[in-house]
Amino acid sequence: MTPLERLGLAALHRMDPERAHTLSLAALKAGVVPLSGTITTLRLATQLAGLALPNPVGLAAGFDKNAEALGPLSRAGFGFVEVGAATPRPQPGNPRPRLFRLTEDRAAINRFGFNNEGMVAIGARLAARPAGAVIGLNLGANKDSVDRAADYAAVLAHCGADVDFATVNVSSPNTEKLRDLQGKAALSALLAGVMQVRAGLPRPIPVFLKIAPDLEDADLAQIAEVAMDSGIAGVIATNTTLARGELKSRHAGQAGGLSGAPLFVRSTRVLARLSVLTEGRLPLIGVGGVGSAEEAYAKIRAGASAVQLYTALVYGGLGLVGEIVRGLDAMLARDGFDNVAQAVGTGRDEWT
């Protein structure tokens, strides 16, 4: 981390977390944040569900909900960027305060509730996206929708021509009963509708499913079965957790989804279990607690073809992206891998 970035993070951490996030996006758009540029090597180059990525380290959804900073983020060192979640209609989300830093735990709790400007505004920005970057959109449903499954299809229909991949997010804990859509019958019907829309897009982009880390083994097995039968391209494991465990922060009791370092073990175990259940038939993206090259490598060895991060940036800044990508390259070289794909799943038994 550069001295300037350290100073900037210190200033942001003295503010309300949501205001700090808004200012960090403004700084990105203003061009005052140092950016790594594209980072790639032959070892890092990744093929993910037909997508050619310069490296396997991506930005998770939630950081840029409204696709406001696509240009700067595409130059920040990430191999791919996911924005959103987008819903058909704009919605304000849950009342503030709804974002809490758990500094002692290197974590965060949020209960945003899919706050976003809606698919029309987000779609307009995606239509003007920078060339050359791999950009995906997280699909959501409006809180008051009478047909939430149809909402996902509607967002994909509106925005799908201008993104490289889409993610069906049925695992946010902050929209009441949203996780009910992870049930076998509901999920099968929802994905069928999304895949029908995908078939009519100008190009058939990969569709991923993002799941919760709080699933029982039987539920996870059902999701794996539905995912493999549905024709989707892969699974993102995992979203935030409702579990808490041993946390030090005074905010530990806040309602919402917990992300960051305390999620790493739980999410990685789900990832490894899903890798076993899908028998390598679906590529997996590992999310949850990635804050170092070592943790990114552990996710890959547990079965992930790529990883994503977000909360770690609150504590490490965007300079952390380059550190993780370069560190991952060094570890692959150390262990004799010519390409990151060779490392996928090699440590899965340590987590199952």
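This note's numbering numbers the first residue of the sequence shown as 65 and each following residue consecutively. Heads up, the beta-carbon is just placed ideally off N, CA and C, and yes, glycines get one too.
* Run through the stretch 316-357 for me and flag every whole beta strand (DSSP E) of 3 or more residues, listed as ranges in chain order. => 321-324, 348-351
* Length-filtered (4 minimum) alpha helix (DSSP H) runs lying within the stretch 202-246 -> Taking only runs of at least 4 residues, the alpha helix (DSSP H) segments lying wholly in the stretch 202-246 are 212-223.
* Given 8 Å as the limit, is there contact between the stretch 278-290 and the stretch 248-255, that is, 3 or more CB pairs closer than that? -> Result yes; three or more Cβ-Cβ pairs closer than 8 Å.
* **Neighbourhood of L99 by C-beta distance below 8 Å, restricted to the same chain and skipping five residues each side** => Here residue 99 is taken as the residue at index 35 of the sequence shown, counted from 1. The residues are P136, R139, A140, G141, L382.
* Asked: Which two residues bound the contiguous beta strand (DSSP E) that contains V146?
  -> Against the sequence shown, residue 146 aligns to sequence position 82. It is Glu, not Val, that sits at residue 146 in the sequence shown. E146 -> beta strand (DSSP E) spans 144-150.
* To do: Report the residue ranges of all alpha helix (DSSP H) runs contained in full by the stretch 93-156; include only those spanning at least 4 residues, in chain order.
  => 134-138
* In whole angstroms, what separates the C-alpha of L108 from that of A407? -> In the sequence shown, the residue the question calls residue 108 occupies position 44. In the sequence shown, the residue the question calls residue 407 occupies position 343. When rounded, the distance between both Cα atoms is 11 Å.
* Report all residues from its chain with a CB closer than 7 Å to the CB of L265; omit the five preceding and five following residues, and keep chain order. => Here residue 265 corresponds to residue number 201 of the sequence shown, with the count starting at 1. Cβ within range, chain order: G224, A225.
* Asked: For A360, which residues of its own chain have a beta-carbon under 7 Å away from its beta-carbon, when the five flanking residues on both sides are left out?
  -> Here the question's residue 360 lines up with position 296 in the sequence shown. For A360, where only same-chain residues beyond five positions count, the Cβ hits under 7 Å are V121, V354, V371, I388, L392.
* Which term fits L71, buried or exposed, when burial requires 16 or more other beta carbons within 10 angstroms of its beta carbon? -> For this step, residue 71 is matched to residue 7 along the sequence shown. So L71 counts as exposed.
* Candidates A405, K93, L117: closest to I103 by CA position -> For the purposes of this step, residue 103 is taken as the residue at position 39 of the sequence shown. For I103, the nearest C-alpha among the options comes from L117.
* **I269, DSSP secondary structure in three states** => In the sequence shown, the residue the question calls residue 269 occupies position 205. In the three-state reduction of the DSSP assignment, I269 falls in the coil class, being assigned neither a helical nor a strand state.
* Would you tell me roughly how many angstroms separate the C-alpha atoms of L396 and D215, rounded to the nearest one? => One-based indexing of the sequence shown puts residue 396 at position 332. One-based indexing of the sequence shown puts residue 215 at position 151. Answer to the nearest angstrom: the Cα atoms are 41 Å apart.
* According to the neighbour-count rule (16 or more other Cβ atoms, all chains shown, within 10 Å of its Cβ), is L68 buried or exposed? -> In the sequence shown, counting from the first residue as 1, residue 68 sits at position 4. Exposed.
* **Local Cβ density within 10 Å of M79, reported as buried at 16 or more and exposed below that** => In the sequence shown, residue 79 corresponds to position 15, counting from 1. Here M79 is exposed. Its C-beta has fewer than 16 other C-beta atoms within 10 Å.
* Would P326 be called buried (16 or more neighbouring beta carbons within 10 Å of its own) or exposed? -> Indexing the sequence shown from 1 puts residue 326 at position 262. With 16 or more other Cβ atoms within 10 Å, it is buried.
* What's the call for D208, buried or exposed, on a 16-neighbour Cβ count within 10 Å? -> Position 144 of the sequence shown holds residue 208. So D208 ends up on the exposed side.
* Asked: Less than 9 Å separating the beta-carbons of Y379 and L123?
  -> Here residue 379 refers to the residue found at position 315 when the sequence shown is read from its first residue. Here residue 123 refers to the residue found at position 59 when the sequence shown is read from its first residue. For Y379 and L123, no; Cβs fall outside 9 Å.
* In whole angstroms, what is the alpha-carbon distance linking L377 and H77? -> Stepping through the sequence shown from its first residue, residue 377 is reached at position 313. Stepping through the sequence shown from its first residue, residue 77 is reached at position 13. Approximately 12 Å between the Cα atoms of the pair.
* Where T86 falls, given that 16 or more other Cβ within 10 Å makes a residue buried -> Position 22 of the sequence shown holds residue 86. Its Cβ having fewer than 16 others within 10 Å, T86 is exposed.
* Going by CA-CA distance only, name the one from V232, V210, V147, G182 that's closest to A197. => Working through the sequence shown from its first residue, we reach residue 197 at position 133. Minimum Cα distance to A197 is reached at V147.
* How is L251 classed by DSSP in three states: helix, strand or coil? -> Within the sequence shown, residue 251 is the residue found at index 187, counting from 1. Correct three-state label for L251: helix.
* Counted within 10 angstroms of its Cβ, other Cβ atoms place Q246 as buried (16 or more) or exposed -> For the purposes of this step, residue 246 is taken as residue 182 along the sequence shown, with counting starting at 1. Label assigned to Q246: buried.
* Asked: Three or more C-beta pairs closer than 8 Å, one from the stretch 335-346 and one from the stretch 184-200: is that the case here?
  -> no
* Asked: First and last residue of the beta strand (DSSP E) that includes A195?
  -> Within the sequence shown, residue 195 is the residue found at index 131, counting from 1. No beta strand (DSSP E) contains A195, which DSSP labels as neither H nor E.
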